[in-house]
Amino acid sequence: MQAHDPIHEGISLQTRAGQVTLCPSRNAHSHMASRSRKASSLTISSPILQCLQYRTPPLALLPLPRRIQTAAEGGGTGRYLPPRKIIHARPQKRAPFPIRNPRPFAVNDDPARLNEMYTTLLGRDMGLTDEVKWQAVTHKSFDHGHQPFNEKLAIYGKRVCWLHASLHLLNGPPIEDKRVYEPPNFVSSLDGTPYRKPEPFLHRDYKSLVSIKDRNIRAILDPGKLATIARLVRLDNVMRWKPKDSDNLHESGQALVATQALYAIVGALALQRGGDIAGGVVRERLLSSIDWVLEKTKDMES
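The sequence shown begins at 1 in full-length UniProt numbering and counts up one residue at a time.
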């Protein structure tokens, strides 16, 4: 049985000014009167009770200050932007002049040219919203990633293209393999009698199953072919990106950025219009021959 302690009876914990103090109640005040005034405000220094101390979060972990700038004040960089744009203000000071020489690179901001590219690529208006149209052709290097970019749309669109490429190989004729597989000769270990060679199992539904291989899918979705399609439909003229070298777009990865934008368009169609429409576009525009692209290019040049 614990002894009665009149001094600590009714003492409660209270936090103020970042410290945990012991606040005596009225019943314990008479027993505390004999002590000094400092005893009424005791700081807990025990390691066990230090977890009760209130700690102010460091300034580095606090969210950065934000200011809202309207399009009328010059916050917009294109017509596709919403009327309000949130800009993260830089808390540190900036140099009065840029250290590196600026390399301006002009990108398209005309919605008419963008819609013309979509019509040329898809054949008709698929009902995509304007925000998704701009996001599908925007690379993460544009505007330091402040604008919605197409990285996740491209990942999803590539998976859709690989799915329909596998179905295309499964429904098509089998791809001939130059390697000839000869079953081994089985000989009895008792009398040396040769067994009949086993015949491989063949079925009409699985005749093209062996064609679904990684190298065959990569051959169909060849990056060079997709980059050619993107160039012929003028996708490289409307996509928004920031090259490393404005004087050498090929070495800066223009073909890879255009291929990623092509995958992003397929992903946007699959998300907004459904898998059937996206699959039809993949089969008609990407997996078939590029004769339709050549004809469309001749019409644009004539």
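Glycine included, each C-beta is placed from N, C-alpha and C at the ideal position. Since we're looking at a predicted model, the values are computed, not measured.
(1) Thinking C-alpha only, which one of 244, 250, 254 and 281 is nearest residue 267?
(2) Roughly how many angstroms lie between the CA atoms of residue 254 and residue 238, to the nearest whole one?
(3) Out of 205, 195, 235 and 271, point me to the one whose CA is closest to residue 138's CA.
(4) Using beta-carbon positions only, say whether residue 249 and residue 208 come within less than 8 angstroms of one another.
(5) Would the segment 270–277 and the segment 117–134 be scored as touching if the rule is three or more Cβ pairs under 8 angstroms?
(6) Give the range of the alpha helix (DSSP H) segment to which residue 117 is assigned.
(7) Helix, strand or coil: which one does DSSP assign to residue 283?
(8) Residues in its own chain within less than 8 angstroms of residue 259 by CB, not counting five upstream and five downstream?
(9) Please report the distance separating the alpha-carbon of residue 257 from that of residue 153.
(10) DSSP state of residue 138, grouped into three classes?
(11) Give the secondary structure of residue 107 by DSSP, where H, G and I count as helix, E and B as strand, and everything else as coil.
(12) Are there 16 or more other CB atoms within 10 angstroms of the CB of residue 146, so buried, or fewer, so exposed?
(13) Tell me the residue span of the alpha helix (DSSP H) that contains residue 216.
(14) Starting from residue 209, trace the alpha helix (DSSP H) in both directions and tell me its first and last residue.
(15) Which residue marks the beginning of the alpha helix (DSSP H) containing residue 162, and which one marks its end?
(16) Go through its chain and collect everything with a Cβ distance to residue 252's Cβ below 7 angstroms, but skip five positions before and after it.
By the coordinates alone:
(1) Residue numbering aside, residue 267 sits at position 267 when the sequence shown is read from its first letter. Between residue 267 and the set 244, 250, 254 and 281, the nearest pair of CA atoms involves 281.
(2) To locate residue 254, count along the sequence shown from 1; it is residue 254. To locate residue 238, count along the sequence shown from 1; it is residue 238. C-alpha separation (whole angstroms): 12 angstroms.
(3) For this step, residue 138 is matched to residue 138 along the sequence shown. Ranking 205, 195, 235 and 271 by Cα distance to residue 138 puts 235 first.
(4) Taking the sequence shown and counting its residues from 1, one reaches residue 249 at position 249. Taking the sequence shown and counting its residues from 1, one reaches residue 208 at position 208. Cβ atoms of residue 249 and residue 208: not closer than 8 angstroms.
(5) yes
(6) Taking the sequence shown and counting its residues from 1, the one referred to as residue 117 is at position 117. Its alpha helix (DSSP H) spans residues 111–122.
(7) Stepping through the sequence shown from its first residue, residue 283 is reached at position 283. In the structure shown, residue 283 sits in a helix (DSSP, three-state: H, G or I).
(8) Translated into the one-based positions of the sequence shown, residue 259 becomes position 259. Within its own chain, the residues whose Cβ lies closer than 8 angstroms to the Cβ of residue 259, once the five positions on either side in sequence are excluded, are 223, 226, 227 and 230, listed in chain order.
(9) On the sequence shown, position 257 is the one that residue 257 refers to. On the sequence shown, position 153 is the one that residue 153 refers to. Computed Cα separation, rounded: 13 angstroms.
(10) Counting from one through the sequence shown, the residue named residue 138 turns up at place 138. Strand at residue 138.
(11) Counting from one through the sequence shown, the residue named residue 107 turns up at place 107. Residue state, collapsed to three classes: coil.
(12) Position 146 of the sequence shown, counting from 1, holds the residue named residue 146. So residue 146 counts as exposed.
(13) The residue labelled residue 216 in the question sits at position 216 within the sequence shown. First-last of the alpha helix (DSSP H) with residue 216: 214–220.
(14) Here the question's residue 209 lines up with position 209 in the sequence shown. Where residue 209 is concerned, there is no enclosing alpha helix (DSSP H), given that its DSSP letter is neither H nor E.
(15) Here residue 162 is taken as the residue at index 162 of the sequence shown, counted from 1. Unbroken alpha helix (DSSP H) run through residue 162: 151–171.
(16) The residue you call residue 252 lines up with position 252 of the sequence shown. Hits under 7 angstroms: 243, 244 and 245.
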